[in-house]
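This report refers to the structure that appears directly beneath it.
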Amino acid sequence: MDFSDINFSLLIASLIVAATPILLAALGELITEKSGVLNLGVEGMMIFGAISGFIVTIETNNPWLGFLCSCIGGMLLASIFAVVTQIFRANQVASGLALTLFGLGLSALLGQSYTGIKPVAFPDMHIPILADIPIIGIILFQHDFIVYFSIFAVISVYFLFRNSHFGLIIKAVGENHDSAHALGYKVILIRFFTILIGGAFAGLGGGYLSLVRVPQWTEGMTAGAGWIALALVVFASWQPFRLLIGAYIFGGITLLQLNLQALGLEINVALLSMSPYLVTIGVLVFMSARRNKNSLDAPRSLGKTFFGL
Amino acid sequence: MMLKIEPRKNRSNFLEVSAPIIAVFLTMIFGGVLFLSMGKNPFEAIKLIFWDPIMSPTFSEYSRPQLVIKAAPLILIALGLSFGFRANIWNIGAEGQYIMGALISGSIGLALYPLDSMFIFPLMILGGIIGGIFWAMIPAILKIRFNTNEILVSLMLVYVAEQILALASVGFLRNPEGLGFPGSRDLSKYPSAANPELIANSGMHMGVIFSIIAVIVLTYFLIYHRLGFQIKLLGQAPKASKFSGVNSNYIIIFCLGLSGGLAGVAGMFELTGPAGLINIDFNVGYGFTAIIVAFLGRLHPIGILFAGLLMSLTYVGGELAQFMLNIPAAAIQVFQGMLLFFLLSTDLLVSYKISLNISNLNNKKLKSMKE
Numbered sequence: 052m053d054f055s056d057i058n059f060s061l062l063i064a065s066l067i068v069a070a071t072p073i074l075l076a077a078l079g080e081l082i083t084e085k086s087g088v089l090n091l092g093v094e095g096m097m098i099f100g101a102i103s104g105f106i107v108t109i110e111t112n113n114p115w116l117g118f119l120c121s122c123i124g125g126m127l128l129a130s131i132f133a134v135v136t137q138i139f140r141a142n143q144v145a146s147g148l149a150l151t152l153f154g155l156g157l158s159a160l161l162g163q164s165y166t167g168i169k170p171v172a173f174p175d176m177h178i179p180i181l182a183d184i185p186i187i188g189i190i191l192f193q194h195d196f197i198v199y200f201s202i203f204a205v206i207s208v209y210f211l212f213r214n215s216h217f218g219l220i221i222k223a224v225g226e227n228h229d230s231a232h233a234l235g236y237k238v239i240l241i242r243f244f245t246i247l248i249g250g251a252f253a254g255l256g257g258g259y260l261s262l263v264r265v266p267q268w269t270e271g272m273t274a275g276a277g278w279i280a281l282a283l284v285v286f287a288s289w290q291p292f293r294l295l296i297g298a299y300i301f302g303g304i305t306l307l308q309l310n311l312q313a314l315g316l317e318i319n320v321a322l323l324s325m326s327p328y329l330v331t332i333g334v335l336v337f338m339s340a341r342r343n344k345n346s347l348d349a350p351r352s353l354g355k356t357f358f359g360l
Numbered sequence: 004m005m006l007k008i009e010p011r012k013n014r015s016n017f018l019e020v021s022a023p024i025i026a027v028f029l030t031m032i033f034g035g036v037l038f039l040s041m042g043k044n045p046f047e048a049i050k051l052i053f054w055d056p057i058m059s060p061t062f063s064e065y066s067r068p069q070l071v072i073k074a075a076p077l078i079l080i081a082l083g084l085s086f087g088f089r090a091n092i093w094n095i096g097a098e099g100q101y102i103m104g105a106l107i108s109g110s111i112g113l114a115l116y117p118l119d120s121m122f123i124f125p126l127m128i129l130g131g132i133i134g135g136i137f138w139a140m141i142p143a144i145l146k147i148r149f150n151t152n153e154i155l156v157s158l159m160l161v162y163v164a165e166q167i168l169a170l171a172s173v174g175f176l177r178n179p180e181g182l183g184f185p186g187s188r189d190l191s192k193y194p195s196a197a198n199p200e201l202i203a204n205s206g207m208h209m210g211v212i213f214s215i216i217a218v219i220v221l222t223y224f225l226i227y228h229r230l231g232f233q234i235k236l237l238g239q240a241p242k243a244s245k246f247s248g249v250n251s252n253y254i255i256i257f258c259l260g261l262s263g264g265l266a267g268v269a270g271m272f273e274l275t276g277p278a279g280l281i282n283i284d285f286n287v288g289y290g291f292t293a294i295i296v297a298f299l300g301r302l303h304p305i306g307i308l309f310a311g312l313l314m315s316l317t318y319v320g321g322e323l324a325q326f327m328l329n330i331p332a333a334a335i336q337v338f339q340g341m342l343l344f345f346l347l348s349t350d351l352l353v354s355y356k357i358s359l360n361i362s363n364l365n366n367k368k369l370k371s372m373k374e
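Protein chains in written order, with our numbering: chain F, 52 to 360; chain P, 4 to 374.
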């Protein structure tokens with residue numbers, strides 16, 4: 052066993068990369084849930100984003116276009132969910148599950164001839180001067196655009212809900228849709244919008260997985276990342292910065308687990324592979340046990356169907 | 004808006020039955036478009052999936068027994084899930100409970116190999132039930148004790164169960180005479196543990212019998228038993244159920260235990276019969292497809308019986324379409340996902356009345372005439 056092989060600043064830098072897909076997906080879901088909609092289809096939107104981005108990148112050799120199409124792919128799936136739950140008023144839990152099953156199937160179908168291909172590399176953007184700072188430069192300022200974007204998005208979402216009028220409207224709709232409706236806000240329209248935004252973020256997260264993090268396409272490659280993102284939102288108590296911390300902790304666990312596997316420790320591979328899921332359960336239990344005492348609550352209308360028109 | 008959507012006073016019984024049929028037809032149409040976009044003949048594909056497995060003289064001999072074999076686990080798992088879904092208790096980790104049922108019962112069978120006794124098979128059935136219940140009790144107890152979300156916990160446990168399965172098939176349950184290949188001994192060739200076809204070439208094994216009995220018992224239970232009523236009440240009016248003294252903790256334990264036990268026993272029958280041995284690829288997603296089956300069957304045991312057969316048909320027909328038209332297996336998965344969407348959407352027809360708002364239209368006409 053030899054830990055000196057691991058360069059710690061590089062490790063933390065790759066931790067951030069490992070965490071970015073779930074961070075993006077979770078951030079999107081956070082916005083959706085703030086408006087009172089529980090979309091359990093994150094896994095489906097993510098994997099569909101992963102394949103749409105991957106196909107476009109392979110065909111055009113342009114990862115930027117690929118990421119754009121990941122977003123669009125995620126939004127496309129999200130729009131189905133939006134129509135089914137907001138217009139046809141179907142149960143959100145069941146529709147979310149349907150979205151996941153549908154997304155997994157559709158991506159497997161589209162991705163059949165794309166296994167085993169490597170997409171063009173997505174270049175890192177070294178930020179001048181800052182990137183040259185020892186240690187911190189490697190950890191924070193030698194990443195690619197999407198990593199910076201994810202952090203920027205976390206900050207924006209924080210201010211969206213803290214300072215902006217629109218954020219307040221979203222929160223109002225999520226807390227009590229009947230009151231929001233009475234005040235004249237278009238509940239369905241706002242929810243439609245947040246569902247689509249959630250889809251775009253989940254798709255982008257998936258795209259990052261297939262274009263940068265892995266980078267390859269394999270069937271079912273999200274392997275529960277979408278579900279972990281959902282758990283992360285609970286962990287973060289619907290607060291963007293906690294989401295960031297949570298995502299990086301999860302990224303760390305995933306990476307540590309992979310590194311330990313690579314080091315060939317005497318710990319069983321299967322036991323290591325199940326650790327992220329066990330940790331997720333542990334975190335969920337911890338958070339829900341705590342919430343009983345000091346009620347940091349979910350949006351009050353979360354998962355409830357709005358029956359007005 | 005000219006369309007008017009009004010809640011119905013009572014759910015329409017006629018539409019309750021016909022909505023799933025409408026959904027199936029819509030899926031056929033959209034599925035046909037999907038096959039067309041893949042360059043396949045949609046009519047041929049739909050015929051291969053829905054008609055040929057039952058009716059075609061060349062295929063039906065193989066397909067008919069397969070239909071029964073694949074329907075049995077789907078029906079068993081969906082039956083259990085449906086009770087929870089009615090009470091808003093969302094166990095979506097049936098796949099994990101199915102694996103654990105197979106693992107526990109398989110361990111029992113393998114531990115007793117090559118003992119010859121008529122008690123081994125019943126003991127394994129019990130093991131399957133206990134394995135499934137054990138795995139389902141984790142989210143149940145966490146939900147009761149800490150109010151933890153059962154959806155996420157039960158799902159996370161699927162991935163954990165898959166890893167244990169992998170561990171078992173290359174490790175502690177591996178066949179010592181298997182030349183180092185992953186996978187356990189073939190339990191279907193171990194007479195005391197095997198679950199063979201009861202009538203040759205019919206597909207009928209003990210699991211099929213068991214699922215038919217389960218349909219009957221649970222139909223009775225849902226309609227006549229107090230607990231069946233309480234489950235419905237908890238789902239539709241949580242506050243009223245609380246006031247009337249329904250113990251929701253008890254119902255959580257019951258619903259998750261029932262679904263876990265049935266999923267576990269489905270895993271046991273699958274292991275000792277059609278699958279034969281424990282291996283990395285033992286689970287094929289029945290636990291997830293069963294969610295669709297439960298909704299397709301309108302969460303009613305009799306409905307689930309038919310829904311399970313129909314969903315099994317899409318599997319068997321899908322294999323046929325794969326074989327004959329080279330339609331990938333993933334297309335069938337899309338097909339199944341679509342079906343669930345249409346089902347959920349057509350539910351609107353059952354609980355709402357949709358009508359053209361003619362009076363409003365007339366008013367507009369009047370207004371324009373006045374102007």
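Ideal placement from N, C-alpha and C gives every residue a C-beta, glycine not left out.
For the candidate residues the options, whose alpha-carbon lies nearest to that of residue i?
i: F184 of chain P; options: P:E64, P:V163, P:V173; result: P:V173
i: I52 of chain P; options: P:F124, P:A333, P:Q325; result: P:Q325
i: G99 of chain P; options: P:L351, P:L259, P:P117, P:G300; result: P:L259
i: I168 of chain F; options: F:N142, F:A76, F:P266; result: F:P266
i: A145 of chain F; options: P:I357, P:F272, P:G340; result: P:G340
i: F309 of chain P; options: P:I215, P:K235, P:G135; result: P:I215
i: E94 of chain F; options: F:R293, F:F132, F:Y299; result: F:F132
i: I63 of chain F; options: F:I296, F:A340, F:I102; result: F:I296
i: L155 of chain P; options: P:I57, P:F137, P:N94; result: P:N94
Let me confirm a value: residue i is counted as buried when at least 16 other C-beta atoms fall within 10 Å, else exposed. Which label applies?
i: S85 of chain P; result: buried
i: L219 of chain F; result: exposed
i: I177 of chain F; result: Contrary to the premise, residue 177 of chain F reads as His rather than Ile in this sequence. Counting Cβ neighbours within 10 Å, H177 of chain F comes out exposed, since fewer than 16 surround it.
i: Q233 of chain P; result: buried
i: Q239 of chain P; result: exposed
i: F70 of chain F; result: First, the amino acid is wrong: residue 70 of chain F is Ala here, not Phe. So A70 of chain F ends up on the buried side.
i: L221 of chain P; result: buried
i: N204 of chain P; result: exposed
i: G333 of chain F; result: exposed
i: D53 of chain F; result: Residue placement at D53 of chain F is poorly supported in this model, since its pLDDT is 48, which falls under 50; the coordinates are not used for a value here.
i: L85 of chain F; result: According to the sequence shown, residue 85 of chain F is Lys rather than Leu. Per the 10 Å Cβ criterion, buried.
i: R177 of chain P; result: buried
i: T61 of chain P; result: exposed
i: T111 of chain F; result: exposed
i: F46 of chain P; result: exposed
i: N150 of chain P; result: exposed
Closer than 7 Å by beta-carbon distance: list the chain P residues that pair up with residue i, in chain order.
i: I131 of chain F; result: F344
i: Y328 of chain F; result: M159, Y162, V163
i: S324 of chain F; result: Q166
i: W336 of chain F; result: It is worth fixing the name first, because residue 336 of chain F is Val in this sequence and not Trp. Neighbours of V336 of chain F on chain P, chain order: L145, F149, T151.
i: A340 of chain F; result: F149
With DSSP as the reference, please indicate the residues paired to residue i in a beta bridge.
i: I95 of chain P; result: Partner(s): none; I95 of chain P has no beta bridge.
i: P10 of chain P; result: P:Y355
i: D195 of chain F; result: F:D175
Kindly list, in the order they appear in chain P, the residues whose Cβ is closer than 8 Å to that of residue i.
i: G124 of chain F; result: The premise fails here: G124 of chain F is roughly 15 Å from chain P at the closest Cβ pair, so nothing lies under 8 Å.
i: V285 of chain F; result: N152, L155
i: A331 of chain F; result: For the sequence presented, residue 331 of chain F should be read as Thr rather than Ala. Going along chain P in sequence order, the residues near T331 of chain F (Cβ under 8 Å) are L155, M159.
Name the chain F residues whose beta carbon is nearer than 9 Å to that of residue i?
i: L347 of chain P; result: V135, T136, F139, A141, N142, A145, S146, A149
i: W54 of chain P; result: Ordered by position in chain F, no residue passes the 9 Å Cβ test against W54 of chain P, which lies about 22 Å from the chain.
Can you pull the chain P residues whose beta carbon is under 9 Å from the beta carbon of residue i, in chain order?
i: G277 of chain F; result: In chain order: nothing, as chain P lies at least about 10 Å away.
i: F153 of chain F; result: Q336, V337, Q339, G340, M341, L343, F344
List, in order along the chain, the chain C residues whose C-beta lies closer than 8 Å to that of residue i?
i: L91 of chain F; result: The structure shown has no chain C; the protein chains it does contain are F and P.
How would you list, in chain order, the residues of chain F whose beta-carbon sits under 7 Å from the beta-carbon of residue i?
i: I95 of chain P; result: L148
Discussion item. Give the list of continuous alpha helix (DSSP H) stretches no shorter than 4 residues that lie fully inside the stretch 313 to 361 of chain P.
Written reply: 332 to 354
Worksheet item: Of all the alpha helix (DSSP H) runs that stay within the bounds of the stretch 193 to 237 of chain P, which reach a length of 4 or more residues?
Response: 209 to 227
Worksheet item: In the stretch 251 to 292 of chain P, which residue ranges form an unbroken alpha helix (DSSP H) of at least 4 residues, counting only runs that do not cross its ends?
Response: 251 to 273
Worksheet entry | Contained alpha helix (DSSP H) runs [length at least 4] in the stretch 273 to 321 of chain F, N- to C-terminal order | 276 to 286, 291 to 314
Worksheet item: Where in the stretch 91 to 120 of chain F do unbroken runs of the alpha helix (DSSP H), each at least 4 residues long, occur, reported from the N-terminal end onward?
Response: 93 to 111
Practice prompt. Tell me the start and end of each unbroken alpha helix (DSSP H) in the stretch 144 to 187 of chain P that is at least 4 residues and wholly inside, in chain order.
Written response: 153 to 173
Fill in: Minimum length 4: unbroken alpha helix (DSSP H) runs contained in the stretch 114 to 156 of chain F
114 to 133
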